[in-house]
Every structure is written in C-alpha cells, then in structure tokens.
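Take a look at the structure below.
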Amino acid sequence: MKTLTTFLTGALMLANITTHARIIRVNSVAAFATTCTDCYQTLATAYGAAQDDDTIHLEPADANYGDLTIQKRLVIIGAGYKLGAAPNNIGLQANSQTSKVNLLTLNNINSQGTVIMGLHFVDQFGGVTIANTSDITVSRCYFNSSLDIAFPNGGTGVSNILVAENFISGSITHNQFAQTITNLTIRNNIINGNLSFAEAADVIENLLVLNNTLLSTGNHALKNAEVAYNVFYGNIAGSNNTVHDNISATSLVGGDASNQVVNMGNVYNLLVGTDDSKYDILAASPYNEGGAQGRGEFSGISPYRLSGIPNIPTIYSLQSTLNTTPGGTVNVTLSTKSNN
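In my numbering, the protein residues as written are 148 to 487.
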C-alpha cells in the first residue's frame, strides 16, 4: 500500500505537466499490479503498452524487473536507492525498497528524448547502453555496474547525453570501436570507476566533466573535454583538455593554476555518514559546496540528491490500521513532501 500511494502522488504531478501522456504503473506484486487499467506486473508488458511520451513508474519491490531495449521516447522513474540508510538517508521514502533492473539498452533513434531516473541497476554486467540516439538523460540512479556510451560498431554515434547525479560503482566508458560523441555532459556524480573517452579514432566534441567526485586512483582518459569543479583521487590522461578549478590528491595533467592539490583528509570525513552523504565536503573546508569555491557532486546549480530521490512528490511516512473487520474502516496517516 505504501508503494501504490507514493507513486500515485507522483503520477498526479506528472499528469499535470503532460496531460496527453499516460502514467503506467509497474509492480511485481500481483495485488498491486491489477488495481488499474494502466497497471502491469512486468516491465516488458508495460513497455509493450507504452507509447511515446508515456511515463513508466517502476515501483519498488524485492523483484528485479530485468532487461529492456527501449525504442520509444519514454520517462522511466524508480524510487531511488540506499533508502533508510542511517544517519542521513532516513525518512526519504516510506518504503525503503528499490526499483531494480539489470540492463537498459537505448540503441535506436526512436528512443530520442528518453529520461531514466531513480533506478537501481543491480547486475554487475548490467547498466545502461546508449547508442545511435540523442537527447538522453540518465539521472539519480544507482549503478552496481558501468554505463556505456555509443557501444556498438558501425553506429551513428550519440549526441546531447546527460549523465547527472548518479552513484556509479563502475565506470563511464564506451566500447573499443570508433565513436562519434557530441555534447556529452557528466556532472554531479559519485563515480568509483574511470572515465574513458580518448581513443585516437573517436570523434568527441563538447565533452563536459563538471562537479563530480571521482574516487578512482587511476587515470581518466579524456580528450576535447572541459574538466572543472571536480574532486579527483586519481589523474587525467588524454589530449586537448581544458582542466580548471578542480581539487585533487595529486597534480592533474594539463591543469592550470586554478587546480589545487589538497589533503583529502581535510576535504571529507569518510568515517561519518552513508555511502553517498560522506562525500559531502566538510563545512570547515574552503571547498565546501556552499562556498564560492564549491567542488564535488553536492556543488553547482543542480547538486546531487541523497539516495537519488526523483523530483516528484514522495510519501516519507505512512501509518495505517493493521486489522479491521469486514466492512470496517481503515485509518491511514501519511506525510508527503516535494523533491524539486
């Protein structure tokens, strides 16, 4: 019941924005998947029923909703991740389950304009693959894996791709084949792996790497990129990069005088907080996100949100009568908040 109410609240908000599109609900629990004409038990059946501009709400559950190849323009929204983790991620959703998937593949121009938000990619070989399309947004998701841009050989490349405010355990990279990548923005993410966009045969234009926390101690391979306002544990390899206003554990290759080498012990206290909140820069640091020199994923005009909470209303507290007689009443008390 928590799940139903939470996502119906978000559905009402989205319906006001796009009145001609449907809100399609997916819940692996049969009792929740049969309560409306646009309710489904699997992601595949929901996708089959969806049309361009529809929104699919993947409701949190124990089940994994699996793989999907997307060749329609859709919004796919989950509930966020690391919900209920103490001390900082408590009270963000009444239901602390996540919306789990394996691999989403966008490899056709018909997927142009798709938005993916708030999902939990649980398979280490899963994640998101983007190729032969444009205007794709992947935001506020949790990856146990990597994110691949312009994967297959012989494709037409990608353009206008935004990867923002995610928690990524793996890397953001592309396959070894020559790629054309135009207007790729990677911002406000926590990334444990490496960035890899620098092969000689690649055509890369307007690559922006901004306001991230990059935890790998290895090299991030970049070319033709602007790299700014990040926190680096590792370094940069590649060519023709503009590297400015970053802080790092070691001197960055290609960086100008605005980059500073710092003691990371003066930036974070990694013994306090949740997996994502501990990368909120210490208030005493001159690089604190709220200051004029803000760095990392909590800085900039659209900072990282704890647990990747989607920007729709959520129910963060829910209480109801446990038992009642047939025909009796059920008392429900709930608390909601917006997440703009």
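Glycine included, every Cβ here is placed at the ideal spot set by N, Cα and C.
Just so we're clear, the structure is a prediction, and the values are computed from it rather than from any experiment.
Simplified DSSP state of residue i, which is helix, strand or coil
i           : result
residue 454 : helix
residue 256 : helix
residue 187 : strand
residue 196 : helix
residue 320 : strand
residue 448 : coil
residue 432 : coil
residue 352 : strand
residue 314 : strand
residue 359 : coil
residue 329 : strand
residue 173 : strand
residue 442 : coil
residue 342 : strand
residue 262 : strand
Nearest-angstrom Cα separation, counted from residue j out to residue i
i           : j           : result
residue 396 : residue 223 : 37 Å
residue 381 : residue 452 : 24 Å
residue 199 : residue 218 : 9 Å
residue 172 : residue 180 : 7 Å
residue 361 : residue 335 : 10 Å
residue 339 : residue 423 : 11 Å
residue 351 : residue 234 : 41 Å
residue 348 : residue 256 : 23 Å
residue 429 : residue 245 : 29 Å
residue 494 : residue 277 : As displayed, the chain neither begins before 148 nor continues past 487, which places residue 494 out of reach and without an answer.
residue 182 : residue 294 : 35 Å
residue 258 : residue 221 : 7 Å
residue 325 : residue 253 : 18 Å
Cβ neighbours of residue i in the same chain (closer than 6 Å, five flanking residues each side left out)
i           : result
residue 332 : 309, 355
residue 343 : 320, 368
residue 373 : 355, 389
For residue i, the nearest candidate out of the options (CA to CA)
i           : options            : result
residue 169 : 179, 178, 186      : 186
residue 408 : 418, 379, 415, 455 : 379
residue 272 : 258, 292, 288      : 292
residue 266 : 211, 175, 346      : 211
residue 264 : 318, 330, 316, 206 : 206
residue 391 : 385, 377, 384      : 377
residue 275 : 434, 357, 250      : 250
residue 197 : 261, 175, 228, 243 : 261
Residues near residue i in its chain [Cβ-Cβ closer than 8 Å; skip 5 each side]
i           : result
residue 237 : 231
residue 177 : 188
residue 190 : 173, 203, 205, 212, 213, 215, 248
Beta carbon proximity, residue i to chain B, threshold 9 Å
i           : result
residue 372 : Given the protein chain composition of this structure (a single chain), no chain B is represented.
Just list the beta strand (DSSP E) runs in the segment 275–309, keeping only unbroken ones of 3 residues or longer that don't cross its boundaries, in chain order.
Counting only runs that start and end inside the segment 275–309, the beta strand (DSSP E) elements of at least 3 residues fall at 280–286, 293–296.
Which ranges would you report for the beta strand (DSSP E) in the segment 362–427 if only whole runs of at least 3 residues count?
366–370, 372–375, 382–386, 389–391
Length-filtered (3 minimum) beta strand (DSSP E) runs lying within the segment 203–258
For the segment 203–258, the full-length beta strand (DSSP E) segments reaching 3 residues or more read 215–217, 222–224, 250–253 along the chain.
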